[in-house]
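Single-structure report; data block below.
There are 2 protein chains.
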Amino acid sequence: MIEDLIRPILTVDVIPLVLKDGCMHVALQRRDKAPYANEMALVGGYVRADEDESATAAALRVLREKAGITPRLLEQLMTFSGAGRDPRGWSASIAYYALQPAESLPTDRNLMLTPLDQARGLPFDHDAILAKAADRWRRRAAYSTLPAFLLPPHFTLSALRAAYESVLGRALNDSAFRRKIDELRVIQPIAGASSKATARPAQLYRLSHDGVTEFDRTL
Amino acid sequence: MIEDLIRPILTVDVIPLVLKDGCMHVALQRRDKAPYANEMALVGGYVRADEDESATAAALRVLREKAGITPRLLEQLMTFSGAGRDPRGWSASIAYYALQPAESLPTDRNLMLTPLDQARGLPFDHDAILAKAADRWRRRAAYSTLPAFLLPPHFTLSALRAAYESVLGRALNDSAFRRKIDELRVIQPIAGASSKATARPAQLYRLSHDGVTEFDRTL
DNA sequence: AGAATAGTGTCTCTCAGACAATATAGG
DNA sequence: CCTATATTGTCTGAGAGACACTATTCT
């Protein structure tokens with residue numbers, strides 16, 4: 001019977017990822033409540049069956065309420081569960097990663113940017129969640145438009161290439177990059193718009209589709 | 001406070017996949033209880049906080065108890081949640097897919113093999129879960145050793161190539177396949193073992209690693 | 001003019017696919 | 001010996017990377 005079940009705790013944990021100084025960073029937040037009060041951790045909270053339409057909605061709410069973040073992209077990573085991961089008892093946490101340009105992060109929410117591969121010693125099983133996120137991220141970013149969501153909606157080809165280079169950890173050939181990204185038809189030039197941030201103004205582009213596009217092969 | 005939360009129902013749903021007649025099939029099971037009694041559905045059950053160490057353990061238990069299946073590989077797909085997906089109330093279901101050779105499925109557990117792309121009209125949100133599984137499966141199978149888990153532990157190169165061809169839906173070049181699978185170092189020949197199922201006996205192989213290996217590029 | 005970044009054209013080399021050739025068993 | 005499948009070797013074309021060259025704006 002349903003009533004006989006010990007119902008586990010259900011939470012969401014969000015990994016906010018940004019690009020800063022040519023390197024992936026995770027925005028950790030100082031916890032304001034027990035357990036692990038005052039420690040840096042992922043942005044997490046309860047799923048509220050009475051107000052959240054889905055777990056994704058819960059993640060967006062938690063991200064907005066606790067960290068003041070409205071991400072450009074939120075994607076489910078996977079669910080972590082078990083008796084040992086939370087001192088409050090058997091729990092399941094649906095983990096998400098959130099992508100947004102670094103400039104859009106608020107500065108007054110106890111957020112701290114930490115290089116993705118240096119974040120260690122986090123409470124709960126957040127080290128394991130982060131490790132899984134880093135692994136999945138690196139694999140998926142190489143053959144998808146994911147890195148574009150680390151940039152503002154309008155971006156130059158150079159900025160996009162730089163984003164891919166940061167993610168892949170190696171320099172990409174400029175002309176080959178232009179050729180491939182063109183063939184894949186995932187970005188569109190914005191007529192009449194150009195960035196004047198550099199010596200020579202550059203054409204601005206935007207993604208052709210709202211969501212992520214996966215390629216057949218790596219860039 | 002924890003006690004104030006309406007705790008959602010937490011379940012697991014397993015998608016047992018097999019290869020039959022050169023085409024992916026899902027093993028659906030006739031439900032023996034309400035809701036949706038007697039309808040064909042994924043193999044699902046409650047996560048029991050008092051006996052399951054983790055959701056993965058719950059999935060293995062449900063698969064064994066309800067369908068008599070011990071899979072060669074069980075992998076988490078993603079979690080589906082919301083108020084509308086189960087008539088019993090707000091629920092979250094952690095979906096898994098299970099891979100095994102078709103020969104290892106029991107015949108007396110109300111299981112029915114259905115071509116993966118023809119399974120429709122299932123209860124709950126199982127249509128959506130299955131669609132997501134099919135999509136993820138097709139993408140991931142092409143650049144990983146996943147298809148090998150649809151075969152018995154010892155297999156010939158021809159059988160492995162046939163498995164990839166079924167999954168990818170196209171013929172693969174035989175010599176290129178051997179070359180690439182060899183370079184990737186994911187399978188090992190079994191000394192002195194050969195299959196006599198065909199005209200000329202063929203070398204038997206096994207996977208080099210227990211789990212799934214992902215490649216950098218597609219096969 | 002010169003520096004700096006944007007963008008284009010071309011050459012080459014590698015690798016994947018096509019296909020031919022060879023090997024080994026059973027009938 | 002003939003057939004069927006396994007396995008190996010070679011040729012060729014498409015595409016990725018290297019790199020030189022042109023374009024545009026600011027100082």
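Just so you know, the protein sequences line up as chains A and B, in that order. Counting in full-length UniProt numbering, the first sequence runs from 1 upward without gaps. Counting in full-length UniProt numbering, the second sequence runs from 1 upward without gaps. Even for Gly, the Cβ is constructed at its ideal location relative to N, Cα and C.
| Asked | Found |
| --- | --- |
| Closest residue to Ile187 of chain A among A:Ala197, A:Ser144 and A:Leu172 (Cα-Cα distance) | A:Ser144 |
| Rounded separation between Glu51 of chain A and Arg120 of chain B - CA only | 31 Å |
| In DSSP terms, what Pro115 of chain B is bridged to | B:His25 |
| Contact list for Tyr46 of chain A against chain B, beta-carbon separation under 7 Å | Leu5 |
| Met1 of chain A at chain B interface by Cβ criterion, 7 Å | Only weak support is given to the placement of Met1 of chain A: the predicted model assigns it a pLDDT of 49, under 50, and the question is left unresolved by the model. |
| Proximity test, Cβ basis, 7 Å: Trp137 of chain B and chain A | no |
| Beta carbon proximity, Pro35 of chain A to chain B, threshold 7 Å | no |
| Any C-beta of chain B under 7 Å from that of Pro8 of chain A | yes |
| C-beta contact flag for Ala95 of chain A and Asp13 of chain A at 7 Å | yes |
| Euclidean distance between Cα positions of Leu60 of chain A and Thr70 of chain A | 7 Å |
| Ala142 of chain B versus B:Gln76, B:Tyr164, B:Phe155 and B:Cys23, residue with shortest Cα-Cα distance | B:Tyr164 |
| Closest by C-alpha distance to Leu99 of chain B, when choosing among B:Asp86, B:Arg88, B:Gln118 and B:Ala134 | B:Ala134 |
| Backbone CA spacing between Asp216 of chain A and Val167 of chain A [nearest angstrom] | 18 Å |
| Secondary structure, beta strand (DSSP E): runs of 3+ residues fully inside the region 62-144 of chain A | 73-82, 91-99 and 111-115 |
| Cross-chain neighbours of Ser81 of chain A in chain B, by beta carbon under 7 Å | Ser54 and Ala55 |
| With 16 other Cβ atoms within 10 Å as the buried cut-off, status of Ser91 of chain B | buried |
| Gln29 of chain B burial status per 10 Å Cβ neighbour count (16 or more: buried) | buried |
| Straight-line Cα distance separating Leu172 of chain B from Glu75 of chain A | 33 Å |
| Residue from B:Phe155, B:Leu113 and B:Thr218 whose Cα sits closest to the Cα of Ala202 of chain B | B:Phe155 |
| Nearest to Leu111 of chain A (by Cα), restricted to the options A:Pro16, A:Ala148 and A:Leu77 | A:Pro16 |
| Pro189 of chain A burial status per 10 Å Cβ neighbour count (16 or more: buried) | exposed |
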